[in-house]
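Since the structure comes first, as structure tokens, the remarks are kept for the end.
2 protein chains.
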Amino acid sequence: MAKFKRGKQSFIPPIQPVITTWASVAGKKEGEGPLAKSFDIVSQDTYFGQSTWEQGEKKLQQLALETLAKKAGLEQSQFDLVYSGDLLNQCIGSSFSLRNMGIPHLGLYGACSTMAESLLLAAMTVGGGYADHVVAMTSSHFASSERQYRFPLGYGGQRTPTAQWTVTGSGAALVCAEGSGPQIENCTIGTVRDLGIKDANNMGAAMAPAAFETVRAHFDDLGCAPEDFDLIVTGDLGQLGKEMLLELARRNGMSLGGKLTDCGTLVFDNTMQDVHAGGSGCGCSAITLCGDLLNKLNSGKLKRILFCGTGALLSPTSTQQGLPIPGVCHAVSIISGRN
Amino acid sequence: MAKFKRGKQSFIPPIQPVITTWASVAGKKEGEGPLAKSFDIVSQDTYFGQSTWEQGEKKLQQLALETLAKKAGLEQSQFDLVYSGDLLNQCIGSSFSLRNMGIPHLGLYGACSTMAESLLLAAMTVGGGYADHVVAMTSSHFASSERQYRFPLGYGGQRTPTAQWTVTGSGAALVCAEGSGPQIENCTIGTVRDLGIKDANNMGAAMAPAAFETVRAHFDDLGCAPEDFDLIVTGDLGQLGKEMLLELARRNGMSLGGKLTDCGTLVFDNTMQDVHAGGSGCGCSAITLCGDLLNKLNSGKLKRILFCGTGALLSPTSTQQGLPIPGVCHAVSIISGRN
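From first to last, the protein sequence lines are chains A and B. When we follow the working numbering, the leftmost residue of the first sequence carries the number 724, and every step to the right adds one. When we follow the working numbering, the leftmost residue of the second sequence carries the number 724, and every step to the right adds one.
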């Protein structure tokens, strides 16, 4: 039985897709963090000029797409297709942002793995010769997430030490058949892993097993190893999940030490910004990739990274029903455009 | 600027994908409707042996996938990839159904357009030579939907005449690079349309403009017309939305009369089963396609259909905030395997 072109879960696009342009929009707190200079827009207004947080999140995506078009020197109508999704119920951040824009849209739900999921689907689309200008985009918003998943913000609930802070931000990447910029070498599609973690305030632990399985599948399928990468970047396991992934790898005879980093630990200064176990949300890996990481790949400061988007596939309903939290992780190998 | 291989929104897979196998699982009410004989499984138990409706919906997808594997003569582990999504918050029907199965999974959110969205992505994946056995799947459940989107069932709320009845069911299709069965000719990806309809109990009206735009884009991109098809099947506009689509087409000089039907009007006997404007939910077009329609394409009774999945991209939050309902529609042209 034929499986994926390369191994069990991985594929190599026939045409190597180029990420020619990327854009990031961040909130106030993210703009005070260590990656501040890499964002295209930092807003001091949590509502982004809208009347609700949900519409603010829609505006985040609209700003990211506008900025992406401007940086690419294109009209938005020249985008062939937008793959996007978010954390809001029924993904209204994504669908409302594209209302009446006339841009073909395929909606995704991969929780916080959405940046990687959209990027790999964009690579599949462009790499298969289907279209030449495909956007991968996602967002999250601290305030809209908190009230949907946890408590009303006004309630002032105490956060547990394992909790992560949902990033307010949106990232968008333009994947093209031609042009200059970092290139997508290959992609690994994750499976849904569930080891029984039930604590919705410890999503890093719930996602770490999925991250490990996908990284292992990537290495097996593509015949590579941690030393082939400058960085293996998960997003967003947070501090605790990252340690669990390191431990899982160690127990399985794989050394990730020195190579592993996590968007949840990069986006905030975890000691100064009081975010407990780090950042989270679709926007976390999105603004880290579509800013700092792609900038460094473009300049040649990074030569090759494995970008591993991790998602916790829970809902408040499943949590309230006492069910565990399934996790998923998709990996995209990106190389520098410069030799 | 290059757009999609074929026109603005459409693509033709380089390898013509074959739908070799399909499976459908339906609830009690659907099993009393006109399509009863086309379903592989009809359950009299609304919970499908589970303790909650949400877990019942998970079980629906598990039954559909099991049945699909059995009919295809494969182990489930031989599926290369499952594209799936559902209406539940955070798509827990899909993610929980695939827990620890070891099958690569990409999660989608396209509301009731998900059967078409997953099918076109499966066609893109197989048609691009990325994988050989890709599953497109979705589900919906009347009871889990009602309490999430509207009222607790026990409340006994009166339904408006324009309301549709969410189908309890799951459909799955296996898209392959080789084999016999109906074939996917080409696909058209929809854009998000919003003409300002705000009545969450009249989703047919909200989706009809998106359906019209996608059907028109399909004809323009592929150079075809209504008379080239045996049926143009939307799903799920319901009775009212179907009439609006006919009217929209008429006003734009396109005659769909005689060709147009809608899964929402096929799945129930609207006069006998008290479903008001017809069926809805991701499962509506899924069980209609993965039963009656593919059976008829396979036998040669239908030669060519345009399957148009329609989705209302609302959430209870957006509705409560007074926002209109954006719609989307994706189209897949399917031809009979027999000449």
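We treat Cβ as the ideally placed atom computed from N, Cα and C, and that holds for glycine. As the structure is a computational prediction, the values presented were derived from the model and not from experiment.
Assuming residue i and residue j are in contact, meaning their beta carbons sit under 8 Å apart, how far apart are those beta carbons, in whole angstroms?
i, j, result
"Gln767(B)", "Ser862(B)", "Rounded, the Cβ-Cβ distance is 18 Å, inconsistent with contact."
"Thr790(A)", "Ala746(A)", "4 Å"
"Ala1054(A)", "Cys1031(A)", "5 Å"
"Glu780(B)", "Leu811(B)", "6 Å"
"Gly1006(A)", "Gly961(A)", "At roughly 14 Å, the Cβ-Cβ gap does not stay under 8 Å, so Gly1006(A) and Gly961(A) are not in contact."
"Gln887(A)", "Ser1003(A)", "4 Å"
"Ser1038(A)", "Ile815(B)", "5 Å"
"Gly987(A)", "Gly958(A)", "7 Å"
"Thr743(B)", "Cys910(B)", "Their Cβ separation, rounded to whole angstroms, is 18 Å, which puts Thr743(B) and Cys910(B) out of contact at 8 Å."
"Gly851(A)", "Gly851(B)", "3 Å"
"Pro1047(A)", "Gly919(A)", "5 Å"
Give the residues of chain A in contact with residue i, contact being defined as C-beta atoms less than 9 Å apart.
i, result
"Asn823(B)", "Thr914, Val915, Arg916, Asp917, Leu918, Pro1049"
"Glu840(B)", "Leu829, Gly830"
"Gly808(B)", "Gly830, Leu831, Tyr832"
Hey, how far is the Cα of residue i from the Cα of residue j?
i, j, result
"Ile764(A)", "Lys782(A)", "12 Å"
"Gly796(B)", "Asp1015(B)", "21 Å"
"Ala725(A)", "Asp855(B)", "Only weak support exists for where Ala725(A) lies, its pLDDT of 41 falling under 50; the value from the coordinates is given anyway. Taking the straight line from one Cα to the other gives about 6 Å."
"Leu954(A)", "Phe802(B)", "31 Å"
"Pro932(A)", "Phe865(A)", "25 Å"
"Gln773(B)", "Glu869(B)", "18 Å"
"Pro737(B)", "Phe935(B)", "27 Å"
"Tyr878(A)", "Thr1040(A)", "20 Å"
"Gly980(A)", "Glu950(A)", "10 Å"
"Lys1019(A)", "Ile1058(A)", "10 Å"
"Lys760(B)", "Glu901(B)", "28 Å"
"Leu1025(A)", "Lys751(A)", "27 Å"
"Gly892(B)", "Thr769(B)", "10 Å"
"Thr1033(B)", "Pro740(A)", "31 Å"
"Phe819(A)", "Leu971(B)", "23 Å"
"Leu1029(B)", "Asn993(B)", "23 Å"
"Arg974(B)", "Met967(B)", "10 Å"
"Leu876(B)", "Gln778(B)", "17 Å"
"Thr937(B)", "Thr848(A)", "20 Å"
"Cys835(B)", "Gly830(A)", "12 Å"
"Lys921(A)", "Met930(A)", "11 Å"
"Val956(B)", "Val858(B)", "21 Å"
"Gln906(B)", "Phe952(B)", "14 Å"
"Leu786(A)", "Thr889(B)", "35 Å"
"Val1051(B)", "Cys947(B)", "21 Å"
"Gln871(B)", "Phe874(A)", "18 Å"
For residue i, which residues in the same chain have their Cβ closer than 6 Å to its Cβ, ignoring the five residues on either side in sequence?
i, result
"Pro1049(B)", "Val915, Asp917, Leu1036"
"Phe991(B)", "Gly756, Val998, Gly1002"
"Leu989(A)", "Thr1011"
"Gly1063(A)", "Nothing can be reported for residue 1063(A): it is not among the residues displayed for chain A, which extend from 724 to 1062."
"Leu843(A)", "Cys910, His1053, Val1055"
"Arg1061(A)", "Gly1023"
"Thr883(B)", "Asn924"
Can you pull the chain B neighbours of residue i, defined as C-beta to C-beta under 9 Å?
i, result
"Thr1040(A)", "Thr775, Glu777, Leu811, Asn812, Gln813, Ile815, Ser867, Gln871"
"Gln1044(A)", "Ser774, Thr775, Glu777, Gln778"
Could you work out which residues of chain A lie near residue i, taking near to mean beta carbons separated by less than 8 Å?
i, result
"Ser818(B)", "Val915, Leu1036, Pro1049, Val1051"
"Gln732(B)", "Pro827"
How would you list, in chain order, the residues of chain B whose beta-carbon sits under 7 Å from the beta-carbon of residue i?
i, result
"Thr848(A)", "Met847"
"Leu788(A)", "Simply none; closest approach about 13 Å."
Please return the same chain residues whose Cβ sits closer than 7 Å to the Cβ of residue i, not counting the five positions on each side in sequence.
i, result
"Cys1013(A)", "Trp745, Ala746, Ser747, Gly894, Ala895, Ala896"
"Leu969(A)", "Leu979, Gly980, Leu983"
"Leu821(B)", "Val805, His828"
Under 7 Å Cβ-Cβ, which residues of chain A neighbour residue i?
i, result
"Leu804(B)", "Ile912"
Under 8 Å Cβ-Cβ, which residues of chain B neighbour residue i?
i, result
"Leu704(A)", "With chain A running from 724 to 1062 in the structure shown, residue 704(A) is simply not present."
Return the chain-ordered list of same chain residues with a C-beta closer than 8 Å to the C-beta of residue i, the five sequence neighbours on each side being excluded.
i, result
"Gln799(A)", "Leu788, Glu789, Ala792, Met824, Ile826"
"Gly880(B)", "Arg873, Phe874"
"Gly808(B)", "Cys814, Ser817, Gly830, Leu831, Tyr832, Gly833, Thr837, Glu840, Ser841, Thr861, Cys1005"
message: Three or more C-beta pairs under 8 Å: does that hold for the segment 913 to 922 of chain B against the segment 941 to 958 of chain B?
response: no
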